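In what follows, a single structure is set out as structure tokens and then discussed.
Number of protein chains: 2
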Amino acid sequence: MSKFFEIEKTSQSKARAGVLHTDHGDIQTPIFMPVGTVASVKTVHQRELKDDINAQIILGNTYHLMLRPGMDIMQQAGGLHKFMNWDRPILTDSGGYQVFSLSKSRKMTEEGVKFKSHIDGSYHFISPEKSMEIQRQIGADIFMAFDECTPYPCEYNQAKLSMELTHRWLKRCVDWTKENEELYGHKQRLFPIVQGSTYSDLRKISAEVISEAGAEGNAIGGLSVGEPEEEMYRITNEVTDILPKDKPRYLMGVGTPWNILESIGLGVDMMDCVMPTRNARNAMLFTWQGVINMKNEKWKNDFSALDEFGTSFVDRDYSKAYVRHLFVAKEYLAKQIASIHNLAFYLDLVKVAREHIVAGDFYEWKDSIIPQLKQRL
Amino acid sequence: MSKFFEIEKTSQSKARAGVLHTDHGDIQTPIFMPVGTVASVKTVHQRELKDDINAQIILGNTYHLMLRPGMDIMQQAGGLHKFMNWDRPILTDSGGYQVFSLSKSRKMTEEGVKFKSHIDGSYHFISPEKSMEIQRQIGADIFMAFDECTPYPCEYNQAKLSMELTHRWLKRCVDWTKENEELYGHKQRLFPIVQGSTYSDLRKISAEVISEAGAEGNAIGGLSVGEPEEEMYRITNEVTDILPKDKPRYLMGVGTPWNILESIGLGVDMMDCVMPTRNARNAMLFTWQGVINMKNEKWKNDFSALDEFGTSFVDRDYSKAYVRHLFVAKEYLAKQIASIHNLAFYLDLVKVAREHIVAGDFYEWKDSIIPQLKQRL
Numbered sequence: 000m001s002k003f004f005e006i007e008k009t010s011q012s013k014a015r016a017g018v019l020h021t022d023h024g025d026i027q028t029p030i031f032m033p034v035g036t037v038a039s040v041k042t043v044h045q046r047e048l049k050d051d052i053n054a055q056i057i058l059g060n061t062y063h064l065m066l067r068p069g070m071d072i073m074q075q076a077g078g079l080h081k082f083m084n085w086d087r088p089i090l091t092d093s094g095g096y097q098v099f100s101l102s103k104s105r106k107m108t109e110e111g112v113k114f115k116s117h118i119d120g121s122y123h124f125i126s127p128e129k130s131m132e133i134q135r136q137i138g139a140d141i142f143m144a145f146d147e148c149t150p151y152p153c154e155y156n157q158a159k160l161s162m163e164l165t166h167r168w169l170k171r172c173v174d175w176t177k178e179n180e181e182l183y184g185h186k187q188r189l190f191p192i193v194q195g196s197t198y199s200d201l202r203k204i205s206a207e208v209i210s211e212a213g214a215e216g217n218a219i220g221g222l223s224v225g226e227p228e229e230e231m232y233r234i235t236n237e238v239t240d241i242l243p244k245d246k247p248r249y250l251m252g253v254g255t256p257w258n259i260l261e262s263i264g265l266g267v268d269m270m271d272c273v274m275p276t277r278n279a280r281n282a283m284l285f286t287w288q289g290v291i292n293m294k295n296e297k298w299k300n301d302f303s304a305l306d307e308f309g310t311s312f313v314d315r316d317y318s319k320a321y322v323r324h325l326f327v328a329k330e331y332l333a334k335q336i337a338s339i340h341n342l343a344f345y346l347d348l349v350k351v352a353r354e355h356i357v358a359g360d361f362y363e364w365k366d367s368i369i370p371q372l373k374q375r376l
Numbered sequence: 000m001s002k003f004f005e006i007e008k009t010s011q012s013k014a015r016a017g018v019l020h021t022d023h024g025d026i027q028t029p030i031f032m033p034v035g036t037v038a039s040v041k042t043v044h045q046r047e048l049k050d051d052i053n054a055q056i057i058l059g060n061t062y063h064l065m066l067r068p069g070m071d072i073m074q075q076a077g078g079l080h081k082f083m084n085w086d087r088p089i090l091t092d093s094g095g096y097q098v099f100s101l102s103k104s105r106k107m108t109e110e111g112v113k114f115k116s117h118i119d120g121s122y123h124f125i126s127p128e129k130s131m132e133i134q135r136q137i138g139a140d141i142f143m144a145f146d147e148c149t150p151y152p153c154e155y156n157q158a159k160l161s162m163e164l165t166h167r168w169l170k171r172c173v174d175w176t177k178e179n180e181e182l183y184g185h186k187q188r189l190f191p192i193v194q195g196s197t198y199s200d201l202r203k204i205s206a207e208v209i210s211e212a213g214a215e216g217n218a219i220g221g222l223s224v225g226e227p228e229e230e231m232y233r234i235t236n237e238v239t240d241i242l243p244k245d246k247p248r249y250l251m252g253v254g255t256p257w258n259i260l261e262s263i264g265l266g267v268d269m270m271d272c273v274m275p276t277r278n279a280r281n282a283m284l285f286t287w288q289g290v291i292n293m294k295n296e297k298w299k300n301d302f303s304a305l306d307e308f309g310t311s312f313v314d315r316d317y318s319k320a321y322v323r324h325l326f327v328a329k330e331y332l333a334k335q336i337a338s339i340h341n342l343a344f345y346l347d348l349v350k351v352a353r354e355h356i357v358a359g360d361f362y363e364w365k366d367s368i369i370p371q372l373k374q375r376l
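Taken in order, these protein sequences are the chains called X and C. Counted from 1, the first sequence has number 140 at position 141 by numbering that gives the first Met the number 0; the numbering is strictly sequential. Counted from 1, the second sequence has number 149 at position 150 by numbering that gives the first Met the number 0; the numbering is strictly sequential.
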């Protein structure tokens with residue numbers, strides 16, 4: 000059996016180009032993972048994800064999927080891959096983050112979290128074991144340990160207690176997955192999550208505990224929750240210094256195009272974020288030339304291609320003036336076009352980043368391109 | 000120069016299979032025309048319209064397009080084909096129907112209609128001449144005379160006065176189009192519209208007046224506005240008895256799949272309706288087996304293909320259970336899938352109808368299939 004993660008090239012210091020081997024195909028890292036919260040990457044057809052965006056892996060959200068369609072239907076369908084007709088890899092979060100941020104009310108104990116559905120107010124309970132069970136039922140290729148994600152800012156003591164709880168919960172997650180069979184006949188791998196807020200000593204402890212769990216990949220949680228970017232980079236750097244070099248590292252919930260490149264520079268291999276799709280729906284486009292507010296008056300008679308450096312059909316098929324018109328007229332197609340554009344751009348961004356890692360000039364390239372990516376067009 | 004309309008086969012009595020030759024390509028008739036109100040067929044990409052739905056001609060709405068993006072931008076773009084990147088034929092309505100039904104307030108005189116925009120409350124004026132000018136600026140291959148469309152029910156005298164106004168306006172439309180040049184270098188053809196509400200004697204007069212105008216095609220307006228189906232069929236039949244046999248006949252705003260087939264049986268060649276897209280967005284699917292309410296509980300664990308007899312990728316790629324889930328979760332993709340499905344079905348419906356006309360068994364086929372199309376699944 001081939002190794003799960005192979006590093007092809009390490010550029011200068013920390014950035015690496017690698018390959019993740021899953022039963023649903025290989026993933027070239029560093030990789031950005033589009034978010035398909037409730038079994039759909041919003042406004043995007045599955046064939047567009049594959050053929051036009053070149054998504055190699057997508058995310059599903061445990062919290063949303065347990066409520067709708069629910070695990071009865073998920074299991075009858077044979078898991079999320081079959082349910083949504085996506086035969087490439089899937090990663091699921093544990094539900095922890097969203098239970099804490101989305102459910103109307105919740106009560107946390109050592110055992111787990113009781114919460115009220117944001118949809119119909121019904122009560123549900125999720126524990127480390129339950130999260131593992133649900134993620135197995137979803138059938139993700141990579142699934143996450145059940146953690147508590149601290150908000151920002153977070154007092155030291157709260158961050159410490161929360162981190163310790165996350166570590167105790169990790170043990171229960173590991174135990175449960177060892178004692179219970181995988182479903183659907185493909186390999187499903189558990190990634191634990193480093194917590195500890197913005198406190199270096201806590202992050203160090205957490206990164207060591209998580210490393211010792213010996214998982215096939217590790218995640219960094221609790222960042223991109225409102226802290227300054229410099230804090231996020233500092234903590235990421237400290238954590239990737241400790242996490243095993245031969246395992247993939249997943250930075251959760253990141254971020255802007257420049258966050259993506261900086262994180263890759265700090266040794267991160269996997270990232271996800273709702274930003275490219277959410278901002279697309281609000282008319283914000285990310286491009287190699289900078290950031291576009293598509294509703295801006297200045298595009299109203301700019302009949303040039305949406306993005307002459309874009310990789311997907313929407314960049315060639317539609318003009319800036321047309322897409323602006325669709326946003327102004329509140330047409331659905333506006334959101335669809337912008338979502339495909341942004342996701343295709345994010346996938347192009349990590350592909351080009353990988354090429355520079357392989358070529359050995361990643362850091363120079365990153366520093367030269369970031370000011371351009373940040374420009375407001 | 001080849002003729003605009005060629006009839007290939009007339010089936011038994013009135014149904015005909017023909018071809019419309021336009022500068023943007025041929026149209027096989029009978030044809031259904033998807034509605035792209037404001038330069039977009041809602042939720043559908045242009046390449047999907049071409050490759051997956053097989054749309055041969057689409058509609059634009061003069062009223063909406065004059066307000067947004069406006070004729071300045073439309074002309075700078077070089078017309079609607081270029082603006083929205085659609086190189087097949089386009090038909091525009093005259094704006095009359097929508098000025099009467101959509102604008103917040105309006106004042107009609109012999110000269111034309113002053114109305115208030117439904118978007119920003121600004122005042123606009125549209126006359127027969129103005130409608131012609133705008134439609135030329137849009138650059139439709141087929142454009143409609145400016146008419147008044149009576150509501151249902153409508154008193155005899157009102158219907159008569161309105162019809163007479165429509166006839167006077169037609170003369171002004173014809174005069175203006177003769178005196179003014181076409182734009183963009185492709186042929187643009189004016190279709191006049193028969194009115195007269197549900198009164199046979201008025202419809203007879205109107206059909207004769209419209210026929211005498213000698214246009215290259217003729218339309219039947221003022222139907223599908225709330226009258227019983229039998230009234231619609233009766234009037235359509237009376238009007239197609241009078242309209243020239245060698246010119247295409249366009250029945251405006253029709254309708255359900257069975258309305259489409261019955262109308263074809265009455266000698267109609269072209270139809271348009273928002274029903275396949277609007278109903279799709281409300282989870283109603285039309286299929287060869289009948290009508291589906293996609294939100295129905297019964298589909299929640301039906302993992303069979305969305306429509307095993309469907310012609311487009313959505314019918315194969317997605318299951319009923321998945322699409323139901325998307326509707327219940329209010330995901331954008333639900334509307335996108337259902338819209339493509341319904342439009343592809345409508346285009347398949349008229350394609351198969353045409354095959355039966357050519358084969359000479361259209362009426363038997365129509366009568367056998369309609370009860371099935373009407374079934375609630």
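For every residue, glycine included, the Cβ atom is placed at its ideal position computed from N, Cα and C. This structure is a prediction, so every number in the text was calculated from the model and none was measured.
Straight-line CA distance for residue i to residue j?
i	j	result
V384/C	G213/C	The question about residue 384/C has no answer, for chain C in this structure spans 0 to 376.
L265/X	K13/X	6 Å
D51/X	S311/X	5 Å
K103/C	L66/C	14 Å
I241/C	T91/C	24 Å
A206/X	N295/C	48 Å
D86/X	D306/X	29 Å
K299/C	G184/X	24 Å
V357/C	E7/C	8 Å
I263/C	N236/C	10 Å
Can you pull the chain X residues whose beta carbon is under 8 Å from the beta carbon of residue i, in chain order?
i	result
P88/C	In chain order: nothing, as chain X lies at least about 18 Å away.
K334/C	Y331
Would you please state the rounded distance, in angstroms, between the beta carbons of residue i and residue j? I believe it to be under 8 Å.
i	j	result
A16/C	P33/C	Not a contact, Cβ separation roughly 20 Å.
Y331/C	K41/X	6 Å
G111/X	Y62/X	Not really, about 13 Å apart at Cβ, beyond 8 Å.
P247/C	T9/C	So it is not a contact: roughly 13 Å between Cβ atoms.
A158/X	L201/X	6 Å
I30/C	V349/C	6 Å
H80/X	H23/X	7 Å
K365/C	R280/C	Actually they do not touch by this definition, with Cβ atoms about 28 Å apart.
E147/C	F99/C	7 Å
So which residues on chain C does residue i lean against when the C-beta distance must stay under 9 Å?
i	result
S104/X	Those within 9 Å of S104/X in chain C number zero; the least Cβ separation is about 22 Å.
Is the separation between the beta-carbon of residue i and that of residue j shorter than 8 Å?
i	j	result
R171/C	P227/C	no
G195/C	I204/C	yes
L64/X	A38/X	yes
A282/X	M274/X	no
M143/C	I192/C	yes
F344/X	Y249/X	no
Q134/C	Q74/C	no
R375/C	G309/C	no
Q97/X	A139/X	no
I259/X	E47/X	no
For residue i, which residues in chain C fall below 7 Å Cβ to Cβ?
i	result
R46/X	F312 and D316
F382/X	Because chain X spans 0 through 376 in this model, residue 382/X falls outside it and cannot be assessed.
At 7 Å on the CB atoms, spell out the chain A contacts of residue i, in chain order.
i	result
E330/C	The structure shown contains no chain A; the protein chains it does contain are X and C.
Mind pulling the chain X residues with CB within less than 7 Å of residue i?
i	result
A76/C	F302 and A320
H324/C	A38, R67 and P68
V327/C	R67
Taking Cβ-Cβ distances shorter than 8 Å, what residues in chain C pair up with residue i?
i	result
V18/X	Those within 8 Å of V18/X in chain C number zero; the least Cβ separation is about 28 Å.
Tell me which residues of the region 272-302 of chain C have at least one Cβ-Cβ distance to chain X shorter than 8 Å, keeping chain order. Taken in chain order, the members of the region 272-302 of chain C whose beta-carbon sits within less than 8 Å of a beta-carbon on chain X are K299, N300 and F302.
Any residues in the region 51-73 of chain C with a beta carbon nearer than 7 Å to a beta carbon of chain X? Which ones, in chain order? Hits within the stretch, in order: R67, P68 and I72.
Any C-beta of chain X within less than 7 Å: which residues of the region 310-322 of chain C qualify? Of all residues in the region 310-322 of chain C, F312, D316, Y317, A320 and Y321 have a Cβ within less than 7 Å of some Cβ in chain X.
Going along the region 173-200 of chain X in order, which residues come within less than 7 Å of chain C, judged by CB to CB distance? Those would be none; no residue qualifies.
Relative to chain C, which residues along the region 351-375 of chain X have a C-beta separation below 9 Å, given in chain order? Within the region 351-375 of chain X, no residue has a Cβ that lies closer than 9 Å to any Cβ of chain C.
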